[in-house]
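A quick write-up on the structure given underneath.
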Amino acid sequence: MNQNNQNEIQIIDSSSNDLSQSNRNPRYPLAKDPNASFENSNYKDWLATCEESNVEPLLTEEDLRDALFTSISITSTLFDFLSFEPIVGALNVLSRIIGFLWPNNNTITWQRLISVVEALIDRRATQDVINRAVRQLEGLQVNVAQYTTAFNNWNANEATRNNPALQREVISRFNIADGALGSAIPEFRIEGYELITLTVYAQAANMHLLLLRDAVINGKLWGQEDKTIDDLYKLQVCLIDAYTEHCMSFYRQGLQDLRNRGNWNAFNNYRRTMTITLLDIISLFSNYDARVYPTNTAMQLTREVYTEPNATPQWLNHNFNTAQFNQIENDLIRQPSLFNTFIGATLNASTLFRVDFSGVPVPAFTRFNIRSGVATPNPIVTTGPWLGLPNSTPDQTFNLTRRLNIPENSPMYIFRINSTATTHNYGSQFGNWRTGITRMVSYSNEGTGPSFVQDFNLNTSYGVRTIDSYIPGTGPASEPPTALNYSHTLSTMTTSGVGFLQGFVTAYGWSHKSAAATNRLIPGRTTQFPAVKSRVLGGSAGTRVISGPGHTGGALVAMSGYSALAITFESPSRQRYRLRIRFVKDFNNASLRAFIPGVFSQPFTLLGSGAAVDPNLLLRDFRYVDVPGSFELMGNVSNYDLTIDNPSTSITGTCLIDKIEFIPVDSTTLDYEGKQHLEKAKKAVNNLFTNNGKEALKVDTTDYDVDQAANLVECVPEELYAKEKMILLDEVKHAKQLSESRNLIQNGNFAFYTDKWTTSNNVNVQANNPIFKGNYLNMPGAGQTDTGVTTFPTYIFQKIDESKLKPYTRYKARGFVGSSNEV
Numbered sequence: 026m027n028q029n030n031q032n033e034i035q036i037i038d039s040s041s042n043d044l045s046q047s048n049r050n051p052r053y054p055l056a057k058d059p060n061a062s063f064e065n066s067n068y069k070d071w072l073a074t075c076e077e078s079n080v081e082p083l084l085t086e087e088d089l090r091d092a093l094f095t096s097i098s099i100t101s102t103l104f105d106f107l108s109f110e111p112i113v114g115a116l117n118v119l120s121r122i123i124g125f126l127w128p129n130n131n132t133i134t135w136q137r138l139i140s141v142v143e144a145l146i147d148r149r150a151t152q153d154v155i156n157r158a159v160r161q162l163e164g165l166q167v168n169v170a171q172y173t174t175a176f177n178n179w180n181a182n183e184a185t186r187n188n189p190a191l192q193r194e195v196i197s198r199f200n201i202a203d204g205a206l207g208s209a210i211p212e213f214r215i216e217g218y219e220l221i222t223l224t225v226y227a228q229a230a231n232m233h234l235l236l237l238r239d240a241v242i243n244g245k246l247w248g249q250e251d252k253t254i255d256d257l258y259k260l261q262v263c264l265i266d267a268y269t270e271h272c273m274s275f276y277r278q279g280l281q282d283l284r285n286r287g288n289w290n291a292f293n294n295y296r297r298t299m300t301i302t303l304l305d306i307i308s309l310f311s312n313y314d315a316r317v318y319p320t321n322t323a324m325q326l327t328r329e330v331y332t333e334p335n336a337t338p339q340w341l342n343h344n345f346n347t348a349q350f351n352q353i354e355n356d357l358i359r360q361p362s363l364f365n366t367f368i369g370a371t372l373n374a375s376t377l378f379r380v381d382f383s384g385v386p387v388p389a390f391t392r393f394n395i396r397s398g399v400a401t402p403n404p405i406v407t408t409g410p411w412l413g414l415p416n417s418t419p420d421q422t423f424n425l426t427r428r429l430n431i432p433e434n435s436p437m438y439i440f441r442i443n444s445t446a447t448t449h450n451y452g453s454q455f456g457n458w459r460t461g462i463t464r465m466v467s468y469s470n471e472g473t474g475p476s477f478v479q480d481f482n483l484n485t486s487y488g489v490r491t492i493d494s495y496i497p498g499t500g501p502a503s504e505p506p507t508a509l510n511y512s513h514t515l516s517t518m519t520t521s522g523v524g525f526l527q528g529f530v531t532a533y534g535w536s537h538k539s540a541a542a543t544n545r546l547i548p549g550r551t552t553q554f555p556a557v558k559s560r561v562l563g564g565s566a567g568t569r570v571i572s573g574p575g576h577t578g579g580a581l582v583a584m585s586g587y588s589a590l591a592i593t594f595e596s597p598s599r600q601r602y603r604l605r606i607r608f609v610k611d612f613n614n615a616s617l618r619a620f621i622p623g624v625f626s627q628p629f630t631l632l633g634s635g636a637a638v639d640p641n642l643l644l645r646d647f648r649y650v651d652v653p654g655s656f657e658l659m660g661n662v663s664n665y666d667l668t669i670d671n672p673s674t675s676i677t678g679t680c681l682i683d684k685i686e687f688i689p690v691d692s693t694t695l696d697y698e699g700k701q702h703l704e705k706a707k708k709a710v711n712n713l714f715t716n717n718g719k720e721a722l723k724v725d726t727t728d729y730d731v732d733q734a735a736n737l738v739e740c741v742p743e744e745l746y747a748k749e750k751m752i753l754l755d756e757v758k759h760a761k762q763l764s765e766s767r768n769l770i771q772n773g774n775f776a777f778y779t780d781k782w783t784t785s786n787n788v789n790v791q792a793n794n795p796i797f798k799g800n801y802l803n804m805p806g807a808g809q810t811d812t813g814v815t816t817f818p819t820y821i822f823q824k825i826d827e828s829k830l831k832p833y834t835r836y837k838a839r840g841f842v843g844s845s846n847e848v
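Reminder that position 723 of the sequence shown reads as 748 in the working numbering, one-by-one numbering, no gaps.
As structure tokens, this is what we get:
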């Protein structure tokens, strides 16, 4: 097998279009003309000559292959573990991760992770930095391995889980591993080298968070006290945020530095490789929260990565000016959009150029368009615009058409593209090339059989260059992916003509295998649907898709004004669910509705942050809202529609929707969730009073506090805690009576509308706002005459009888404002 097929993307210099021909000059990540000048060159040019010199390269093909294989394998393992494997009774996932990170009990994989980043940013770490990291890693392997052994021994069966000796052993090994990871991780953020060791930092952080997850889930079974478990949970939540913020901060620094250098190919190589080795890992961190996700959760990555374009070495190595760089970025990288799957492409061929000495025409595929489908059981297929060369000259007849097709509603995906381009240089200066695709071979999965191959060949032998484009799979690291082990599928094809007299470079976009073509609920599992898996965005105020911050695994849906999104999903079996939404909301609260026709309709509120949101969106900016109530879905239904909208109240500011979660409601879940709701309600009610006797309210207890406690009590499931709920409701009523009795304002909750109040004519009392219980006051802004001379104020007041005021007593006037503007 050709050894260069091991690359994430390979380029083969060839005078023949025979795909099996060996590459005479193997190198990664692109081919280089041996006679080319080193002007405007970068690390990749230097690497190509290292085999012929005594310079030790920063990165070898084996380094890159192993680093990518390790990262993809760990991500795939975590997806399988978190989505499908049982919480109790399974082997610890850290056991498998150790096997990837410490193969043959050495640290070579970790060192390769460092080497990859060194090559991407063209900078070496000092030997002292490497040595410090290696020393820490050697100690971690022993401690984490001993913990996983103790965990697996304890978790083997019901008898072992009740064995006190095994319980003590797993606690002891946990404490040692926790301490070792806590001490080692700071050594992977050495000042000045934080970016070089960033992927090592992320993998170590990943192990630490998984370790803490084990303790939070199993601590009670180990015999740990509730306070210890609570403290470990608080630590985990804190570290999820801290680890994510560190990774994102230095990732962005590296990305901006490469953008400033101007080499788009180096910039894209960094973004793609760091997405696979870094961002995909940290996008899972929020799912490790064992109290938010106590059961298995089916997840998806919807981000898109792009392999190197099929271009000349001069183009790949060129430092573009800012305008050119931005144009390439806009051409080759799709703007944020709803997730869609690649269904096919139409390729048109024409004469690209004529050979100088003979006038023989050289054909090429000089334009194409893409067909894609949005995630529904019956995809909404759209055809994109023509990309490539316009039909502007007599030679551009486009008289040959080929169609690359994926059958609609089929499980087929393209996981590998081998493409050949012909290039002709009309001068020695950059930008004088003509180039086009002359052959394209696609590899698709077809059930469990061999790959399905489509070969479009124009039989051009003039100046060809071939690249093999794919993202490595989970099979042998030294081989391209197959129909049985691919990790990514083709999502788009793009082009850019920047730097060409005539012609274009072609790039291929890839989406992660976890992002399925349709939205299907997984029986017995919490199922996450990224908001970008919606089939349509609506509303009168431009609901739109925006780029994600990097740690969410994909883009976000932004809603403002009157907005709506609709997501179509399939229910394979009968099941009761509740909804939860992960979101960001700036400034004020937003009132929305979740609606499934004939099944469920429920208003809910996204709590505002009270301030603008950082454009980079920190992990702590994201919150969850549980939509009240639950609903039952029938089995074998493929076209349920969930709409999230705000039909009655405009959204002030912007809310960003990340994920919509369907959480199964069964007896186990009901017990767990019911207990959680009961504890929250008890705590809220007790906090209203000065003591356990509940004889008096705290001074700072407000009517709003009482209302919010009442809301929590209403969430307690009556079928499980009828007596407790009745007692709590009585205590809330008592709190309301105490609050009203000490309030000198009459009708302060507007239960009798504006009775006892004096108001301006434009003040009114409204109801049915999810923020409040009962009525609330709506006060528009002050009005003016047409000339603006006279102002009509908006007001409301009430006079208190002086006889009710006690001497030498301090009084406080307060109220709750749900939202306001320029008050």
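For each residue, glycine too, the CB sits at the ideal point set by N, CA and C. Please read these numbers as outputs of a predicted model, since none were measured by experiment.
Would you mind giving the Cβ-Cβ distance between residue i and residue j, rounded to the nearest angstrom? I have them listed as a contact below 8 Å.
| i | j | result |
| --- | --- | --- |
| Asp683 | Arg605 | Asp683 to Arg605, Cβ: 11 Å. No contact. |
| Ile265 | Tyr313 | 7 Å |
| Leu220 | Val141 | Going by Cβ atoms, the distance from Leu220 to Val141 rounds to 12 Å, so no, they are not a contact pair. |
| Phe393 | Leu372 | 4 Å |
| Asn335 | Ile492 | 5 Å |
| Ser616 | Pro597 | Not really, about 33 Å apart at Cβ, beyond 8 Å. |
| Ile123 | Thr173 | 7 Å |
| Arg560 | Val724 | So it is not a contact: roughly 52 Å between Cβ atoms. |
| Thr327 | Thr551 | The Cβ separation is near 17 Å, so there is no contact. |
| Glu163 | Thr132 | 6 Å |
| Leu414 | Gln339 | Actually they are not in contact, since the Cβ atoms of Leu414 and Gln339 sit about 20 Å apart, beyond 8 Å. |
Mind checking which residues open and close the beta strand (DSSP E) that includes residue i?
| i | result |
| --- | --- |
| Leu116 | Per DSSP, Leu116 belongs to no beta strand (DSSP E) and is neither H nor E. |
| Gly461 | Trp458 to Ser469 |
| Pro386 | Pro386 to Val399 |
| Glu595 | Ala589 to Ser596 |
| Glu329 | Glu329 to Tyr331 |
| Asn430 | Leu425 to Asn430 |
| Ile562 | Sequence check: residue 562 is Leu here, not Ile. Val561 to Gly563 is the span of the beta strand (DSSP E), which, as asked, contains Leu562. |
Taking the DSSP output, what are the residues bridged to residue i?
| i | result |
| --- | --- |
| Ser616 | Thr630 |
| His449 | Arg459 |
| Lys610 | Cys680 |
| Ser785 | None; Ser785 has no bridge partner. |
| Asp730 | Looking at the DSSP assignment, Asp730 forms no beta bridge with any residue, so it has no partner. |
| Leu802 | Val790 |
| Asp480 | Val466 |
| Asn641 | Bridge partners of Asn641: none, in fact. |
| Pro742 | None, per the DSSP bridge assignment. |
| Arg603 | Ile688 |
| Phe554 | Ile685 |
| Thr174 | In DSSP, Thr174 forms no bridge with anything. |
The alpha helix (DSSP H) that contains residue i, what's its start and end?
| i | result |
| --- | --- |
| Met584 | Here Met584 belongs to no alpha helix (DSSP H); instead the beta strand (DSSP E) covers Leu581 to Gly586. |
| Gly623 | Per DSSP, Gly623 belongs to no alpha helix (DSSP H) and is neither H nor E. |
| Ala370 | Not the alpha helix (DSSP H): Ala370 falls in the beta strand (DSSP E), residues Asn365 to Arg379. |
| Phe345 | From DSSP, Phe345 is part of no alpha helix (DSSP H); its letter is neither H nor E. |
| Arg214 | Careful: Arg214 lies outside any alpha helix (DSSP H) and carries neither H nor E. |
| Thr852 | No statement about residue 852 is possible, as the shown extent of the chain runs from 26 to 848 and does not include it. |
9 Å is my cut-off, CB to CB: does residue i come that close to chain C?
| i | result |
| --- | --- |
| Asn803 | In the structure shown, chain C cannot be found, because there is only a single protein chain. |
For a minimum of 3 consecutive residues, which ranges assigned as the beta strand (DSSP E) are wholly contained in the segment 494–552? 513–521 and 530–537
Let me know the beta strand (DSSP E) ranges lying completely inside the segment 649–727, each 3 residues or longer, listed in chain order. 656–658, 662–670 and 676–689
Determine, using beta-carbon pairs with one atom in the segment 526–535 and one in the segment 645–657, whether at least three such pairs fall under 8 Å. no
Which ranges would you report for the beta strand (DSSP E) in the segment 253–332 if only whole runs of at least 3 residues count? 329–331
With contact counted as at least three CB pairs below 8 Å, one residue from each stretch, are the segment 225–241 and the segment 300–307 in contact? yes
Specify whether the segment 775–792 and the segment 757–766 touch according to this definition: at least 3 beta carbon pairs, one from each stretch, less than 8 Å apart. no
I'd like to know if the segment 186–199 and the segment 237–251 are in contact, where contact means that at least 3 CB-CB pairs between them fall below 8 Å. yes
Sufficient close CB pairs (3 or more, under 8 Å) joining the segment 342–354 to the segment 540–559: no
Counting pairs of Cβ atoms below 8 Å between the segment 295–303 and the segment 261–280, do you hit three or more? yes
Give, in chain order, every unbroken run of the alpha helix (DSSP H) that is at least 4 residues long and sits entirely within the segment 128–211. 133–146, 152–179, 183–186 and 189–209
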